[in-house]
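Asker:
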Amino acid sequence: MDSRAVEERILNAAFKVVDRHTISGTRMHLIAEEAKMVQSNLHYYFKTKQDLMLALLRYLQQNFSENRQAVLDKAPGTLPGQLAGFFRQKKDIITQTPEYDRVQYDFWNLGQVDEEVNQCFFESYDIWRKHIARVIKLYAPDLPDERIWLATCVMVSMMMGASLQYLNAPGLFDLDSYFEACLKMIMGYIKD
Numbered sequence: 001m002d003s004r005a006v007e008e009r010i011l012n013a014a015f016k017v018v019d020r021h022t023i024s025g026t027r028m029h030l031i032a033e034e035a036k037m038v039q040s041n042l043h044y045y046f047k048t049k050q051d052l053m054l055a056l057l058r059y060l061q062q063n064f065s066e067n068r069q070a071v072l073d074k075a076p077g078t079l080p081g082q083l084a085g086f087f088r089q090k091k092d093i094i095t096q097t098p099e100y101d102r103v104q105y106d107f108w109n110l111g112q113v114d115e116e117v118n119q120c121f122f123e124s125y126d127i128w129r130k131h132i133a134r135v136i137k138l139y140a141p142d143l144p145d146e147r148i149w150l151a152t153c154v155m156v157s158m159m160m161g162a163s164l165q166y167l168n169a170p171g172l173f174d175l176d177s178y179f180e181a182c183l184k185m186i187m188g189y190i191k192d
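In the UniProt record's numbering, the protein residues as written are 1 to 192.
#1: With distances taken Cα to Cα, identify the nearest neighbour of H131 among F64, M160, R4, L11.
#2: Would you call Y178 buried or exposed, if buried means 16 or more other Cβ atoms sit within 10 Å of its Cβ?
#3: From I23 to I127, what does the alpha carbon distance come to, in whole angstroms?
#4: Round the Cβ separation of V156 and R129 to the nearest angstrom and send it over; I've been treating them as touching at under 8 Å.
#5: Using the three-state DSSP reduction, which class does P141 fall into: helix, strand or coil?
#6: Pick helix, strand or coil for R134, following the three-state DSSP scheme.
#7: Between L150, Y59, T152, N168, which has its C-alpha nearest F107's C-alpha?
#8: What span of residues does the alpha helix (DSSP H) with F179 cover, start to end?
#9: Could you pull out every residue in the same chain whose Cβ sits closer than 8 Å to the Cβ of R88, ignoring the five residues on either side in sequence?
#10: Could you tell me which of C120, E115, D101 sits nearest to M159, measuring between CA atoms?
#11: In whole angstroms, what is the alpha-carbon distance linking L52 and I31?
#12: Where does the unbroken alpha helix (DSSP H) through T95 begin, and where does it stop?
#13: Could you say which of T97, A84, Q82, N41 lies nearest to F15 if we only look at CA atoms?
#14: Measuring only the C-alpha atoms, how far is L57 from P141?
#15: Specify, as a first and last residue, the run of the alpha helix (DSSP H) that R9 falls within.
#16: I'd like to know whether the C-beta atoms of Y139 and Q62 end up nearer to each other than 8 Å.
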């Protein structure tokens, strides 16, 4: 098995362990067990838990970005269609793979006391905001950059707010209706 495949196996194992035990409850031996390897081999790839957690956060961001692009590639080639694609991806995560958001919230929490994790978390969300900004700029090129940037921040807040509330109380509101309202609000802001 090549090195990249082993690293990916470790990262997938770490993801499962973090989802079950949280970051603070995660231990390297638990990840090694989940990856079906001895702990010394795990340390060959990731010297410390910190190294592994940062790699996991970057790995998750890469997966989010690839999935997001796949969703947008299928979305209508209009500003509302593309922005709806961002909301659709978040709805799919909330309903089909909520463990991704649970782990993301855990990284946010850790980032409040760990500057390196906080920086990595910021970079992850910055990629998301910049992707939204590129789409808005493509379809609304005359919109001032400051307005585009604020729209991206609001959209991320809408999506993560939906996740936080819905995962806390599934069925609290209809996600389709929620994201439809979000799209209308964002489009109103952009056209204002």
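Ideal Cβ positions, reconstructed from N, Cα and C, are used throughout, including at glycine. If you're wondering where the values come from, they're calculated on a predicted model, not measured in any experiment.
Answerer: So, from the listed chains and residues:
#1: Locating residue 131 in the sequence shown gives position 131, where the first residue counts as 1. Cα-wise, what sits closest to H131 is F64.
#2: For this step, residue 178 is matched to residue 178 along the sequence shown. Y178 sits buried, since 16 or more C-beta atoms from the chains shown fall within 10 Å of its C-beta.
#3: Indexing the sequence shown from 1 puts residue 23 at position 23. Indexing the sequence shown from 1 puts residue 127 at position 127. Rounded to the nearest angstrom, the two C-alpha atoms are 23 Å apart.
#4: Reading the sequence shown from its first residue, position 156 is the one you call residue 156. Reading the sequence shown from its first residue, position 129 is the one you call residue 129. Rounded to whole angstroms, the Cβ separation of V156 and R129 is 6 Å, and the two are in contact under 8 Å.
#5: Residue numbering aside, residue 141 sits at position 141 when the sequence shown is read from its first letter. If DSSP states are grouped into helix, strand and coil, P141 belongs with coil.
#6: Against the sequence shown, residue 134 aligns to sequence position 134. In the three-state reduction of the DSSP assignment, R134 falls in the helix class, which pools H, G and I.
#7: Position 107 of the sequence shown, counting from 1, holds the residue named residue 107. For F107, the closest alpha carbon among the candidates L150, Y59, T152, N168 is that of Y59.
#8: The residue given as residue 179 occupies position 179 in the sequence shown. For F179, the uninterrupted alpha helix (DSSP H) segment begins and ends at 175–191.
#9: Counting from 1 along the sequence shown, the entry for residue 88 is found at position 88. For R88, where only same-chain residues beyond five positions count, the Cβ hits under 8 Å are V71, A75, F179.
#10: By one-based count along the sequence shown, residue 159 stands at place 159. Taking only the C-alpha atoms, the option nearest M159 is D101.
#11: For the purposes of this step, residue 52 is taken as the residue at position 52 of the sequence shown. For the purposes of this step, residue 31 is taken as the residue at position 31 of the sequence shown. Pairing L52 with I31, the inter-Cα distance amounts to about 10 Å.
#12: Looking up residue 95 in the sequence shown gives position 95. First-last of the alpha helix (DSSP H) with T95: 79–96.
#13: Along the sequence shown, read from residue 1 onward, the residue named residue 15 stands at position 15. Ranking T97, A84, Q82, N41 by Cα distance to F15 puts T97 first.
#14: By one-based count along the sequence shown, residue 57 stands at place 57. By one-based count along the sequence shown, residue 141 stands at place 141. P141 has its alpha-carbon roughly 32 Å from the corresponding atom of L57.
#15: In the sequence shown, the residue the question calls residue 9 occupies position 9. Where R9 is concerned, the enclosing alpha helix (DSSP H) stretches over 3–25.
#16: On the sequence shown, residue 139 is found 139 positions in, with the first residue counted as 1. On the sequence shown, residue 62 is found 62 positions in, with the first residue counted as 1. Contact: no.
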